[in-house]
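Below you'll find the structure, written out as structure tokens, and then a few comments.
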Amino acid sequence: MNQHLDKVDSDIAEKHLLKHPFYLAWTRGELSKEALTDYAKQYYHHVAAFPTYLSTVHAKCDDQPTRKQILSNLIDEEAGSPNHPELWKQFASGLGVEDVAEPASGGQPLQSRLRDENTNTNRRGWAIQPVQRTGCPPGAEQIDLAQTEQWPETKNLIDTFRSVCGERSTAEGLAALYAYESQIPAICESKIDGLKKHYGFTDPKHYEYFSVHIEADTKHSADEREMLGSYVDDRNIDNVRTSVHRVLDALWQMLSGVCRRHAIAC
Numbered sequence: 041m042n043q044h045l046d047k048v049d050s051d052i053a054e055k056h057l058l059k060h061p062f063y064l065a066w067t068r069g070e071l072s073k074e075a076l077t078d079y080a081k082q083y084y085h086h087v088a089a090f091p092t093y094l095s096t097v098h099a100k101c102d103d104q105p106t107r108k109q110i111l112s113n114l115i116d117e118e119a120g121s122p123n124h125p126e127l128w129k130q131f132a133s134g135l136g137v138e139d140v141a142e143p144a145s146g147g148q149p150l151q152s153r154l155r156d157e158n159t160n161t162n163r164r165g166w167a168i169q170p171v172q173r174t175g176c177p178p179g180a181e182q183i184d185l186a187q188t189e190q191w192p193e194t195k196n197l198i199d200t201f202r203s204v205c206g207e208r209s210t211a212e213g214l215a216a217l218y219a220y221e222s223q224i225p226a227i228c229e230s231k232i233d234g235l236k237k238h239y240g241f242t243d244p245k246h247y248e249y250f251s252v253h254i255e256a257d258t259k260h261s262a263d264e265r266e267m268l269g270s271y272v273d274d275r276n277i278d279n280v281r282t283s284v285h286r287v288l289d290a291l292w293q294m295l296s297g298v299c300r301r302h303a304i305a306c
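In structure tokens:
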């Protein structure tokens, strides 16, 4: 039993994102399409940046076994087909937001290949139209997600992760990753339940990002906790906990940014 890890776990539990008003509203079916859409656009930037947090911790770590474990996580995030940013675009597509950025390999955008031809209107009355195989559906919002403007809260989230992972110790970088990924399985289960129950999501492709992360981040966070246990000690626990709080606060504030713009009490 590692008392230092127990303290970190307690810090995470105290500010678990499932306690945030945004996710509470999600589970109750109270979010507007506009709020979910803004969330999808903003959170995409964090999803796209997450592999860079991992690669920064990997690059500065002197221990090869630890580097190999981080690299395995990085490959899961970056190299899959579809990779995790692409899976997030599928979620945005379920909200009627079509990413029109040119794929690196050329050809049609990912969503154009994934949708079928059946138009769906969900129980909230939101028109969720499929992408025609020759282009985007009528009425879909066509944007380049990577080029959407980052809100200050979103930029702060990314800057905070990059600061902790790139400028602090390996222990603090691992703790930052763990503070985030250890929450994700429970959050994803709750999100899927809410999307299916309240927001008319019936195509598993549209919530595949969350399905994948239930299993993936259960393993990733367990690996990170084990690695962190080898690094955290009496000398650095205070710094580790400070960095954990920085990350937790930045995650919380990103969600609060959505709430403030959509009159959700937070």
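Start counting the sequence shown at 41; every next residue gets the next number (my numbering).
Cβ coordinates follow ideal geometry from the N, Cα and C atoms, glycine included.
Please read these numbers as outputs of a predicted model, since none were measured by experiment.
(1) Should residue 86 be flagged as near chain C, meaning a C-beta pair shorter than 8 Å?
(2) Taking the beta carbon of residue 275 as the centre, do at least 16 other beta carbons fall within 10 Å, making it buried, or is it exposed?
(3) With a 10 Å radius around its C-beta and 16 neighbouring C-beta atoms as the bar for buried, classify residue 104 as buried or exposed.
(4) Per DSSP, what kind of secondary structure is residue 273 in: helix, strand or coil?
(5) Along the chain, where does the beta strand (DSSP E) that runs through residue 190 open and close?
(6) From residue 97 to residue 110, what does the alpha carbon distance come to, in whole angstroms?
(7) Can you tell which of 102, 92 and 69 has the C-alpha that lies nearest to the C-alpha of residue 113?
(8) Here's a check: name, in chain order, each residue in its chain whose Cβ is nearer than 7 Å to the Cβ of residue 116, leaving out the five neighbours to either side.
(9) How should residue 99 be labelled, buried or exposed, when 16 other C-beta atoms within 10 angstroms of its C-beta is the threshold for buried?
(10) Secondary structure at residue 130, three-state DSSP: helix, strand or coil?
(11) Between the Cα of residue 308 and those of 84, 86, 210 and 123, spot the shortest distance and give me the residue it belongs to.
(12) Taking the alpha helix (DSSP H) that residue 182 belongs to, which residues open and close that run?
(13) Could you tell me the distance, in whole angstroms, from the CA atom of residue 75 to the CA atom of residue 300?
(14) Checking 8 Å against the spacing of the C-beta atoms, do residue 130 and residue 246 come in under that value?
(15) Output the distance between the C-alpha atoms of residue 59 and residue 234, rounded to the nearest integer angstrom.
(16) Count the other C-beta atoms from every protein chain shown that fall within 10 angstroms of the C-beta of residue 69, then say buried if there are 16 or more, exposed otherwise.
(17) List the DSSP bridge partners of residue 138.
(18) Look up residue 123 in the DSSP assignment and say whether it is helix, strand or coil.
(19) Hey, which unbroken runs of the alpha helix (DSSP H) at 4 residues or more fall wholly within the segment 219–294?
(20) Count the other C-beta atoms from every protein chain shown that fall within 10 angstroms of the C-beta of residue 170, then say buried if there are 16 or more, exposed otherwise.
(21) If you count every other CB in all the chains shown that lies within 10 Å of the CB of residue 194, and 16 or more means buried, which is it?
(22) Residue range of the alpha helix (DSSP H) that residue 70 falls in?
Here's the rundown:
(1) Here there is only one protein chain, and chain C is not present.
(2) exposed
(3) exposed
(4) coil
(5) Segment: none, residue 190 is in no beta strand (DSSP E) and carries neither H nor E.
(6) 8 Å
(7) 92
(8) 256
(9) exposed
(10) helix
(11) There is no way to answer for residue 308, as the model of the chain reaches only from 41 to 306.
(12) Taken as a continuous stretch (DSSP letters only), residue 182 belongs to no alpha helix (DSSP H), being part of the beta strand (DSSP E) at 181–183.
(13) 10 Å
(14) yes
(15) 15 Å
(16) exposed
(17) 182
(18) coil
(19) 224–238 and 248–271
(20) At residue 170 the pLDDT is 42, less than 50, meaning the model places this residue with poor confidence and gives no usable figure here.
(21) buried
(22) Looking at the DSSP string, residue 70 is not in any alpha helix (DSSP H), and its letter there is neither H nor E.
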